[in-house]
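S.K.:
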Amino acid sequence: MANSYTREQLRSRQEFNATITAQAYTFTLENNAKQSAYFNIEGSKIGEGSSVVFKEIFKSGSIANLTNCSVVSGSREAAFIIDPLATASFTFTPVASIQASEYNFFAANTEATRLSNGAGTFNGVDLTITP
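Using this note's numbering, count along the sequence shown one by one with no gaps and you end on 158.
1. Check for me: the beta strand (DSSP E) holding Ser-100 runs from which residue to which?
2. Per DSSP, Leu-93 is paired with what?
3. Going by the CB atoms, is the gap between Thr-120 and Gly-88 shorter than 8 Å?
4. Hey, Ile-90 and Tyr-130 are a contact pair by Cβ (cut 8 Å); roughly how many whole angstroms apart?
5. Less than 8 Å separating the beta-carbons of Thr-157 and Ala-29?
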């Protein structure tokens, strides 16, 4: 079952609504902007005070099959640069389950217009995740 997120939703941090199990997931990002767009996945903060750590979601997982994008990653985060006016995709395969509360994602999408009824249009990426 696919999970989808709009350009507007991705302007703020989103949590996947389920645990990611140890299998391949395809992330598909459609960029409607005439310039590159940016998408991030990060391990969430776990703990409080002096015992805060961040989930290292990429320490034991892999990112592969990049199409129309490039990536810079570390053990806790990955930043993707999506080509202008392109549909990009990549495969993320964790070696162990990751709880929904242990990671989040967002995009640096911009608001293009805001109508008087409150509806808006946005530039940047939307996202679909499929197992």
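Here a beta-carbon is modelled for each residue, glycine too, at the ideal position from N, C-alpha and C.
Quick caveat, the model's predicted, so the values are computed rather than measured.
M.R.: Short version:
1. 96-100
2. According to DSSP, Leu-93 bridges with nothing at all.
3. Yes, they are a contact pair.
4. About 13 Å separates the two Cβ atoms, so there is no contact after all.
5. yes
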